[in-house]
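Colleague: Just so you know, the protein sequences line up as chains A and B, in that order. The opening position of the first sequence corresponds to residue 4 in this note's numbering, with each subsequent residue numbered one higher. The opening position of the second sequence corresponds to residue 6 in this note's numbering, with each subsequent residue numbered one higher. Glycine included, every Cβ here is placed at the ideal spot set by N, Cα and C. All figures in this text were calculated on a predicted structure; none of them were measured in a lab. This structure is in structure tokens; I'll ask about it shortly.
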Amino acid sequence: MALHLNLYHEIHRQAERERRDPVKLAGLAALLFAMLLVFWYFYRLSVVSRVEAKRQQVRSEWSHLEPEKKAAVENEVLLLAQQKSNQALFERLNERFYWAPLLDEIATFTPTNIQIVSFEGVLDNGKEKKKTITVLVRGVAAGLEPRTVAEDFRRSLRDRLAARYPDVSVQFDANSLEDGVESVTLDGQTLGTATFRIRAQFKPKTAQ
Amino acid sequence: MKAVLLQRRNAGRLALTHFAVRELPEEENTLEKLGENLALLLHDLGGKAKAAGIALSHPDALVRIIEQNTIPPELLRDALRINGPLLLSQDCREWVIDCEAIPASAGAPAPAEGDHVRYLVGGLPRPHVQQVFQACLKNKLATNVFQLPPVALLNAFEFAQEQVFKTEAFVLVDIGHRSCTVIVGVKGELILVRSLEYGGAQFAEHLILQGAANFEEVITLLEQEEVLTVENARLSLNELVRSISSSIGFFEAQREEAIPKVFLTGGLARLPAVRNLLVEELRLPCETWDPFAECELTIPRMRVAALTAQLPLLGTAYGVAAEIIKGR
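This is how it looks when you write it as structure tokens:
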């Protein structure tokens, strides 16, 4: 086993003592702490500078935008009123009932032995879902059995309307179907007549 | 001045990667000029090391073996420094002293509690240590070991000739420039360290005084076995021979064991004539030993011849370097 003498042992011990000197260590710790504080100070300084620059930028933008905002607030009332009337017009336009297709339909399927004397249509503008169309048709039916002809016409009208509109109800008004006193000649044949008044009620289609 | 650079390899083996030997003029060989010389030596060495150590031979150096009760080395250091006159027969208050218990020889019983333990004590005046440390600092050489040459040489012998170190009695003789060291050990135990104020410089001066023109001529005459020069050399080596003989005598009287061989290192050990004279005078085989016997050599091929020529000089440097890598 080799012999280990080392005449540097005093120097090593002194160096170790200096390395562990509490004053030196405290000084180093204080220096480190001070460096950390300085670093923190400059870090915070940079953060605050960035925030300050952002604030200046936002303030500058605000000075430009504020008059526009005021004008926009004033304009908003006007535009809201316009929007409201537009909405009302739009709704009215969309929800109106087109009579022409109905008249065309009735004119098309009315047989020759039925003469329509009057046609009265009423649109009841209640709430949206309760909006109802009432049609009152007065006419004269001619035939060997004129009341049957009138009844056929009523059924036909009901079926035609039911194909186009919901909630269809087609009825004769009370005591409105009566035999007429007059007779007519149709296609060279003398036929009896009956007068009738049909009341048809239905709801318009939601989208026309 | 000598330097070696070692590298750790697999299985704990070491490899020699660089070495340098620098001869200094007499007036340059001072502690004050150590820094400059160290810079030149490191330049010659090349390479980079993670750790470094230094061993310095100095006439003031103290190497003793003392016997004390078992005591921690830290306490013994202070005791030696304070009670120098009592324990070391000299005032050591201004010295840097270090010590370590000497391991007992193989097969010896472990010391019982209260028994005396043999300690190796080494020291150098504190200003010298400071000067060496400053010289190393100046050259940005981070040395963490400062060893005394006899201890480094013994460690080198242990690492390089482990079989002999652990199983036989041995004598190591290091013939330095101005001093010689005689170390006697047996089976891993250090028995004796003796220093002598005699070295290659005195040998050369003596022969030059006897008529040789210079040291180169001395070497030539010794190689030619010129009778007068050989006899003058024998006369000059007389003091060293006496010292080695008395050391061997001391050991053999104590242990009743024979020393089979003397191992030589140092500048003069390179001269076959000096080795022959020592063999004749001591009547024992005297041979140099290879400090790098257990090392891989990874130096350039053209430097192998230079290394072979310088082998007897590099034992101490190897001891310090190997101790850093293996021992600590």
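Between which two residues does the alpha helix (DSSP H) carrying Ala32 (chain A) extend?
Modeller: As a working mapping, residue 32 (chain A) is identified with position 29 in the first sequence. Segment Pro25 to Glu98, the alpha helix (DSSP H) holding Ala32 (chain A).
Colleague: Check this for me: beta carbons of Ala209 (chain B) and Lys7 (chain B), under 8 Å apart or not?
Modeller: Within the second sequence, the letter at position 204 stands for residue 209 (chain B). Within the second sequence, the letter at position 2 stands for residue 7 (chain B). No, the Cβ-Cβ distance between Ala209 (chain B) and Lys7 (chain B) is not below 8 Å.
Colleague: So, Leu214 (chain B) versus Gly324 (chain B), is the Cβ gap smaller than 8 Å?
Modeller: Locating residue 214 (chain B) in the second sequence gives position 209, where the first residue counts as 1. Locating residue 324 (chain B) in the second sequence gives position 319, where the first residue counts as 1. The answer is no: Cβ separation not under 8 Å.
Colleague: Quick check: what's the CA-CA separation for Glu292 (chain B) versus Val26 (chain A)?
Modeller: Here residue 292 (chain B) refers to the residue found at position 287 of the second sequence. Here residue 26 (chain A) refers to the residue found at position 23 of the first sequence. So the alpha carbons of these two residues sit roughly 58 Å apart.
Colleague: Can you tell me the Cα-Cα spacing of Gln211 (chain A) and Glu79 (chain A), whole angstroms?
Modeller: Stepping through the first sequence from its first residue, residue 211 (chain A) is reached at position 208. Stepping through the first sequence from its first residue, residue 79 (chain A) is reached at position 76. Low local confidence applies: a pLDDT of 42 at Gln211 (chain A) is under 50, so the model's placement there is unreliable, with the coordinate-based value given in what follows. About 33 Å.
Colleague: Answer yes or no: does any C-beta atom of chain A fall closer than 8 Å to that of Val189 (chain B)?
Modeller: Taking the first residue of the second sequence as position 1, residue 189 (chain B) is located at position 184. No, Val189 (chain B) does not count as interfacial toward chain A.
Colleague: Could you please give me the residues that DSSP links to Ile109 (chain A) through a beta bridge?
Modeller: Locating residue 109 (chain A) in the first sequence gives position 106, where the first residue counts as 1. Answer is none; Ile109 (chain A) lacks a bridge partner.
Colleague: Taking beta-carbon pairs under 7 Å, can you tell me which members of the segment 33-66 of chain A lie near chain B?
Modeller: Listed in sequence order: no entries.
Colleague: Since I believe Phe256 (chain B) is in contact with Val189 (chain B) (beta carbons under 8 Å), could you give me their beta-carbon distance rounded to a whole number of angstroms?
Modeller: One-based indexing of the second sequence puts residue 189 (chain B) at position 184. One-based indexing of the second sequence puts residue 256 (chain B) at position 251. Going by Cβ atoms, the distance from Val189 (chain B) to Phe256 (chain B) rounds to 5 Å, so yes, they are a contact pair.
Colleague: Give me the Cβ distance between Phe268 (chain B) and Phe162 (chain B), rounded to the nearest whole Å; I'm assuming they're in contact under 8 Å.
Modeller: Position 263 of the second sequence, counting from 1, holds the residue named residue 268 (chain B). Position 157 of the second sequence, counting from 1, holds the residue named residue 162 (chain B). With a Cβ gap of about 7 Å, Phe268 (chain B) and Phe162 (chain B) count as contacting.
Colleague: From this set, B:Glu286, B:Leu125, B:Val150 and B:Gly127, which residue's C-alpha is nearest Val137 (chain B)'s C-alpha?
Modeller: Numbered from 1 along the second sequence, position 132 holds the residue referred to as residue 137 (chain B). Checked all of B:Glu286, B:Leu125, B:Val150 and B:Gly127; the closest Cα to Val137 (chain B) is B:Val150.
Colleague: Is the segment 60-67 of chain B touching the segment 119-133 of chain B, taking contact as three or more C-beta pairs under 8 Å?
Modeller: Because the criterion of three Cβ pairs below 8 Å is met, the segment 60-67 of chain B and the segment 119-133 of chain B touch.
Colleague: Nearest to Pro77 (chain B) by alpha carbon, out of B:Tyr124, B:Gln152 and B:Leu201?
Modeller: Residue 77 (chain B) sits at position 72 when you count from the first residue of the second sequence. When each option's Cα is compared against that of Pro77 (chain B), the closest is B:Tyr124.
Colleague: Hey, would you say Pro207 (chain A) sits closer than 8 Å to Ile109 (chain A), going by beta carbons?
Modeller: Within the first sequence, the letter at position 204 stands for residue 207 (chain A). Within the first sequence, the letter at position 106 stands for residue 109 (chain A). Cβ atoms of Pro207 (chain A) and Ile109 (chain A): not closer than 8 Å.
Colleague: Classify His211 (chain B) as helix, strand or coil using the three-state DSSP reduction.
Modeller: As a first step, residue 211 (chain B) is located in the second sequence; it is residue number 206 there, counting from the start. Residue state, collapsed to three classes: helix.
Colleague: Rounding to the nearest angstrom, what Cα-Cα distance links Glu286 (chain B) and Val246 (chain B) in this structure?
Modeller: Along the second sequence, read from residue 1 onward, the residue named residue 286 (chain B) stands at position 281. Along the second sequence, read from residue 1 onward, the residue named residue 246 (chain B) stands at position 241. The alpha-carbon atoms of Glu286 (chain B) and Val246 (chain B) are separated by roughly 7 Å.
Colleague: Assuming Leu36 (chain B) and Asn144 (chain B) make a contact with CB atoms under 8 Å, what is their CB distance in whole Å?
Modeller: For the purposes of this step, residue 36 (chain B) is taken as residue 31 along the second sequence, with counting starting at 1. For the purposes of this step, residue 144 (chain B) is taken as residue 139 along the second sequence, with counting starting at 1. Contact doesn't hold; Cβ gap of about 14 Å is too wide.
Colleague: On the three-state DSSP scale, how would you describe Gln211 (chain A)?
Modeller: Looking up residue 211 (chain A) in the first sequence gives position 208. Low local confidence applies: a pLDDT of 42 at Gln211 (chain A) is under 50, so the model's placement there is unreliable, and no value is given.
Colleague: One question on the structure: do Thr153 (chain A) and Phe122 (chain A) come within less than 8 Å of each other, judged by their Cβ atoms?
Modeller: By 1-based counting over the first sequence, the position of residue 153 (chain A) is 150. By 1-based counting over the first sequence, the position of residue 122 (chain A) is 119. Going by the sequence as given, residue 153 (chain A) is Ala instead of Thr. No, they are not a contact pair.
Colleague: Cβ of Asn88 (chain B) less than 8 Å from any chain A Cβ?
Modeller: Mapped onto the second sequence, residue 88 (chain B) falls at position 83. No, Asn88 (chain B) lies away from the interface with chain A (no Cβ there is under 8 Å from its Cβ).
Colleague: Assuming the contact rule is C-beta atoms closer than 8 Å, Ser110 (chain B) and Glu194 (chain B) should be a hit. Round their C-beta distance to whole Å, please.
Modeller: Translated into positions along the second sequence, residue 110 (chain B) becomes position 105. Translated into positions along the second sequence, residue 194 (chain B) becomes position 189. The pair is a contact, with the Cβ atoms about 4 Å apart (cut-off 8 Å).
Colleague: Tell me whether Trp294 (chain B) sits in a helix, a strand or coil according to DSSP, three-state version.
Modeller: Your numbering for residue 294 (chain B) matches position 289 in the second sequence. In this structure, Trp294 (chain B) counts as coil in the three-state DSSP scheme.
Colleague: Counting only beta-carbon separations shorter than 8 Å, does Gly127 (chain B) have a partner in chain A?
Modeller: The residue you call residue 127 (chain B) lines up with position 122 of the second sequence. Yes, because at least one Cβ of chain A sits closer than 8 Å to the Cβ of Gly127 (chain B).
Colleague: Taking only beta-carbon positions, decide if Asn160 (chain B) is within less than 8 Å of chain A.
Modeller: On the second sequence, position 155 is the one that residue 160 (chain B) refers to. Yes, contact with chain A.
Colleague: Would you kindly work out how many angstroms separate the C-alpha atoms of Ile304 (chain B) and His48 (chain B), rounded to a whole number?
Modeller: Locating residue 304 (chain B) in the second sequence gives position 299, counting from the first residue. Locating residue 48 (chain B) in the second sequence gives position 43, counting from the first residue. If I take the Cα positions, the gap works out to 16 Å.
Colleague: Between Leu10 (chain A) and chain B, is the shortest Cβ-Cβ distance under 8 Å, so that the two count as touching?
Modeller: Stepping through the first sequence from its first residue, residue 10 (chain A) is reached at position 7. So, interface residue.
Colleague: I'd like to know whether the C-beta of Glu13 (chain A) is nearer than 8 Å to at least one C-beta of chain B.
Modeller: For the purposes of this step, residue 13 (chain A) is taken as residue 10 along the first sequence, with counting starting at 1. Chain B contact via Cβ: present.
Colleague: Could you round the C-beta distance between Arg202 (chain A) and Asp176 (chain A) to whole angstroms and report it? I think they count as a contact, below 8 Å.
Modeller: The residue given as residue 202 (chain A) occupies position 199 in the first sequence. The residue given as residue 176 (chain A) occupies position 173 in the first sequence. At roughly 5 Å, the Cβ-Cβ gap stays under 8 Å, so Arg202 (chain A) and Asp176 (chain A) are in contact.
Colleague: Check the Cβ-Cβ distances between Phe151 (chain B) and every residue of chain A, and say whether any is below 8 Å.
Modeller: Taking the second sequence and counting its residues from 1, one reaches residue 151 (chain B) at position 146. So yes, Phe151 (chain B) belongs to the interface.
Colleague: Compare the C-alpha of His182 (chain B) against each of B:Ala174, B:Asn160 and B:Ala206 and name the closest.
Modeller: As a first step, residue 182 (chain B) must be located in the second sequence, where it is residue number 177. Of the candidates B:Ala174, B:Asn160 and B:Ala206, the one whose C-alpha sits nearest the C-alpha of His182 (chain B) is B:Ala206.
Colleague: Mind checking Asp162 (chain A): buried by the 16 CB within 10 Å criterion, or exposed?
Modeller: Here residue 162 (chain A) is taken as the residue at index 159 of the first sequence, counted from 1. Exposed is the call here.
Colleague: Look at the alpha carbon of Leu106 (chain A) and the alpha carbon of Arg167 (chain A), and state the distance between them as a whole number of angstroms.
Modeller: Here residue 106 (chain A) refers to the residue found at position 103 when the first sequence is read from its first residue. Here residue 167 (chain A) refers to the residue found at position 164 when the first sequence is read from its first residue. Their Cα atoms are separated by approximately 13 Å.
Colleague: With a Cβ-Cβ cutoff of 8 Å, do Asn160 (chain B) and Ala18 (chain A) count as a contact?
Modeller: By one-based count along the second sequence, residue 160 (chain B) stands at place 155. By one-based count along the first sequence, residue 18 (chain A) stands at place 15. Cβ atoms of Asn160 (chain B) and Ala18 (chain A): not closer than 8 Å.
Colleague: Name the DSSP beta bridge partners of Lys266 (chain B), please?
Modeller: Here residue 266 (chain B) refers to the residue found at position 261 of the second sequence. In DSSP, Lys266 (chain B) forms no bridge with anything.
Colleague: Please check if any C-beta of chain B sits within less than 8 Å of the C-beta of Leu31 (chain A).
Modeller: By 1-based counting over the first sequence, the position of residue 31 (chain A) is 28. No, because no Cβ of chain B sits closer than 8 Å to the Cβ of Leu31 (chain A).
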